[in-house]
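J.: Have a look at the structure that comes next, please.
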Amino acid sequence: MDRAFEAVGVNSTVGTAIDSLRKGGALVLIGNVTPAVDLPLQKVVARQLSVLGSCASSGEYPACLDLIARGVVDVDRLKSACAPLSEGASWFARLYDGEPGLMKVILEP
C-alpha cells in the first residue's frame, strides 16, 4: 500500500498501518487516543516511510458529504451498532477491550 491513515492512536493500529506500507509509503496519523505510541523506527527508516500528523480538517467536509450523498462511500458498512446513550459505558468498554467486529458504535439520546 502506498498510503495509510491511522485514526485510533494506539500501538497495535499504528503498527498495523506501518506494516501495511510498501517501501517509500506514507503514514498519516490522525488518531490520538493515547498520548504516546511505540514507533518501530527501524521499519520507518529502512523502508523510507514518511510519517505525517494531521489534526482537524481543512475544508474536506463538503467533498466527503458529497461522496456519501452519491453513495460512493457507504457509511452504513462502517457502523457496528446503534445503541441508547444510557448503554454508552458498556459499549465503550467493549470497544476498548478490542471486541472483534466492533468499529463504530452510534449512541442515540
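Sequential numbering from 103 applies to the sequence shown in our numbering. All C-beta atoms in this analysis are idealised placements derived from N, C-alpha and C, irrespective of residue type, glycine included.
Tell me, please, whether the segment 135 to 148 touches the segment 166 to 178 by the rule of three or more beta-carbon pairs shorter than 8 Å.
T.: Result no; under three Cβ-Cβ pairs closer than 8 Å.
J.: Return the first residue and the last residue of the alpha helix (DSSP H) that Gly-117 is part of.
T.: For Gly-117, the enclosing alpha helix (DSSP H) has its first and last residue at 113 to 122.
J.: Please classify Leu-85: is it buried, with 16 or more other beta-carbons within 10 angstroms of its beta-carbon, or exposed?
T.: The first residue shown for the chain is 103 and the last is 211, placing residue 85 beyond what the model contains.
J.: Can you list the beta strand (DSSP E) stretches of 3 or more residues lying completely in the segment 111 to 193, in chain order?
T.: 128 to 131, 152 to 155 and 183 to 186
J.: Looking at the structure shown, is Leu-204 part of a helix, part of a strand, or coil, going by DSSP?
T.: coil
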